[in-house]
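Asker: Each number in the working numbering corresponds to the 1-based position in the sequence shown with 2 added.
Cβ atoms here follow ideal geometry from the backbone N, Cα and C, with glycine treated the same way.
Sharing a structure here in structure tokens format.
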Amino acid sequence: MGFLPKGGYVDLAKRYRRYVMDSGLFVSLQTKVARKPLVQNLIGTPFIGSSVLRNKKPGSVNYDAKNPDSNRRLTTFAQNIQRLRDFKSQGFDRLNVSLSGWLTLGYDRQTPDALPPTPEAGGWDGMKAYFDACKEIGYTCWLHDQYRDYYLDAPSWNPEFAVHDAGKAGPPDAFPGTRFKHDWKDGDIPLMDNWDGGAQGYLNNLFMMGHLAKNYGALFAHGIHPQGSYQDVFGYIPPDQDFNPNHPCTRTQSMNARAAVFQWVNHNLGIAGTEAGSDWLIPYVDYTTSRFNRGSNTGTDPDHEDAIPVPLYELVYHDAVVTTATPNNLRSFLHGNVPQMGYGRTDASKEQALRLAALHRRVGLLEMTNHEFLDKSRRKERTTFVGGTTVTVDWDANTVVIAPPVSK
3 MGFLPKGGYV DLAKRYRRYV MDSGLFVSLQ TKVARKPLVQ NLIGTPFIGS
53 SVLRNKKPGS VNYDAKNPDS NRRLTTFAQN IQRLRDFKSQ GFDRLNVSLS
103 GWLTLGYDRQ TPDALPPTPE AGGWDGMKAY FDACKEIGYT CWLHDQYRDY
153 YLDAPSWNPE FAVHDAGKAG PPDAFPGTRF KHDWKDGDIP LMDNWDGGAQ
203 GYLNNLFMMG HLAKNYGALF AHGIHPQGSY QDVFGYIPPD QDFNPNHPCT
253 RTQSMNARAA VFQWVNHNLG IAGTEAGSDW LIPYVDYTTS RFNRGSNTGT
303 DPDHEDAIPV PLYELVYHDA VVTTATPNNL RSFLHGNVPQ MGYGRTDASK
353 EQALRLAALH RRVGLLEMTN HEFLDKSRRK ERTTFVGGTT VTVDWDANTV
403 VIAPPVSK
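Take a look at the structure:
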């Protein structure tokens, strides 16, 4: 425990930074690059998603029975290859690409049983051609993956391996609890219907590694070698506790099981990423998705809609993990994030993305040393990085000034 006689949020963040560095929770990006040179590809390089199949399960909450055609969207592996070539021709010499929806039935369907790859998209051969093309084009490509959501129609579904609450009484306790409208219990097993795959439970975290090794072992056997894995929800959802006496799992064991998944990814694939990036995962991951959608003015915290955010996370961890964010939000510049572009057209955001990438190329491995508000209304603010680079945002004028300027 430490006490500061005076100071503000920057001082508190820097005191916490010292703690995580002393405790081993902080592992710098420079160290990660030294261990895995592939991590250097994340610095100053835009991220983009590729999607194979969205295929909402008939009867699930998200399924639109009135517009059945809207429930399914297929982009074959060959079409995704052409899309990558199009990006190359548009001037994106380097990209980091996360491929989702590659599972047999598509995105968020029947996890953790992912294989074979979407047959109508090209199957095993199509997926191999995709990753071969990534290397040929010069892009770093990996898979968007999921090992917590345990769907009732998954071939491996067995209620014995699903997370159990402490008892049958009351609403579900396992996250997200009652956050979503369609949740219930089957005895003491918490269930939910909120995503494309319909009814699901949650896989006991101790069994995640087995499914991971099973899936990637099959990919390797077919000559498919992704350069990493994005593990959905691991860095956002709290550790799971399973009260099933046949396979109890404490929260500590849950954290260790998730960390083991990332260690496997680091050793056998390359890039390790996750959602939101809880700080206990910092030693194991190379990048995390933006936290902007959980901030003030997003509807997630009605009691604090007028809150003014400050970059506490970046003041501690900017040089320990890459954070992706949209180039269309000036806060991405303020935080020194790397650009994350959407699945659609990139024309509108290309210039912003290249500018943000240039900034990240300069500061991506550097500590954020300060954040300050420049006026009483807190409508102008500035961040400073090691070496003196400053980023100043004027929210009223909708401008960002980088000093010294960056060249795209």
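So, is the C-beta of L208 closer than 8 Å to a C-beta in chain B?
Answerer: Judged by its chain identifiers, the structure shown contains no chain B, having just a single protein chain.
Asker: Looking only at its chain, what residues have a beta carbon closer than 8 Å to the beta carbon of D66, apart from the 5 residues adjacent to it on each side?
Answerer: Closer than 8 Å at the Cβ level, and outside the excluded window around D66, lie K58, S72, N73.
Asker: Within its chain, find whatever has a CB closer than 6 Å to the CB of L101; leave out the 5 residues flanking it on each side and keep chain order.
Answerer: Only S52, L145 meet the Cβ criterion.
Asker: Apart from the five residues just before and just after Y286, which ones in its own chain have a Cβ nearer than 8 Å to its Cβ?
Answerer: Closer than 8 Å at the Cβ level, and outside the excluded window around Y286, lie A261, F264, Q265, N268, A274.
Asker: Please state whether DSSP places N372 in a helix, a strand or coil.
Answerer: N372: strand per DSSP, three-state reduction.
Asker: In the DSSP assignment, what residue or residues form a beta bridge with Q84?
Answerer: The partner list for Q84 (beta bridge, DSSP) is empty, contrary to what the question assumes.
Asker: Would you say the stretch 181-199 touches the stretch 275-284, given that touching needs at least three Cβ pairs under 8 Å?
Answerer: No, the stretch 181-199 is not in contact with the stretch 275-284.
Asker: Helix, strand or coil, according to DSSP, for S25 in the structure here?
Answerer: It is helical.
Asker: Nearest to D134 by CA position, among N82, T113, P114, is which residue?
Answerer: The shortest Cα separation from D134 among N82, T113, P114 belongs to N82.
Asker: Count the C-beta pairs between the stretch 114-134 and the stretch 43-51 that are closer than 8 Å, then say yes if the count reaches three, no if not.
Answerer: No, the stretch 114-134 is not in contact with the stretch 43-51.
Asker: Among residues of its own chain, excluding the 5 on either side of N248, which ones have a beta-carbon nearer than 7 Å to its beta-carbon?
Answerer: Excluding sequence neighbours, N248 sits near E162.
Asker: Suppose the cutoff is 7 Å on Cβ atoms and the five residues either side in sequence are ignored; what does the same chain contact list for C251 look like?
Answerer: Excluding positions up to five away in sequence, the list reads N206, N207, L208, D242, Q243, D244.
Asker: Compare the Cα-Cα distances from K38 to each of I310, N270, A259 and report the closest residue.
Answerer: Closest by alpha carbon: N270.
Asker: State whether the stretch 312-319 contacts the stretch 367-377, with contact taken as three or more CB pairs (one from each stretch) at a distance under 8 Å.
Answerer: Short answer: they touch.
Asker: Return the CA-CA distance between R150 and D398, expressed in angstroms with no decimal places.
Answerer: Approximately 42 Å between the Cα atoms of the pair.
Asker: Starting from F387, trace the beta strand (DSSP E) both ways and give me its first and last residue.
Answerer: Element bounds for F387: 382-387.
Asker: Name the DSSP bridge partner or partners of F133?
Answerer: Paired residues: none, contrary to the question.
Asker: Could you say which of D321, A168, S379 lies nearest to F28 if we only look at CA atoms?
Answerer: Among D321, A168, S379, the Cα nearest to that of F28 belongs to D321.
Asker: What separation, rounded to the nearest whole angstrom, lies between the Cα atoms of M210 and P114?
Answerer: Rounded to whole angstroms, M210 to P114 spans 8 Å at the Cα level.
Asker: Out of curiosity, what's the CA-to-CA distance linking T276 and K378?
Answerer: Whole-angstrom Cα-Cα distance: 37 Å.
Asker: Rounding to the nearest angstrom, what Cα-Cα distance links T328 and G108 in this structure?
Answerer: Distance between the alpha carbons of T328 and G108 is about 25 Å.
Asker: Compute the distance between the beta-carbons of L76 and A131, then report whether it is under 8 Å.
Answerer: Cβ atoms of L76 and A131: not closer than 8 Å.
Asker: Report yes if the CB atom of N339 is closer than 8 Å to the CB atom of S409, and no otherwise.
Answerer: Taking 8 Å as the Cβ cut-off, N339 and S409 do not qualify as a contacting pair.
Asker: In the DSSP assignment, what residue or residues form a beta bridge with G51?
Answerer: According to DSSP, which records beta bridges pairwise, G51 is partnered with S100.
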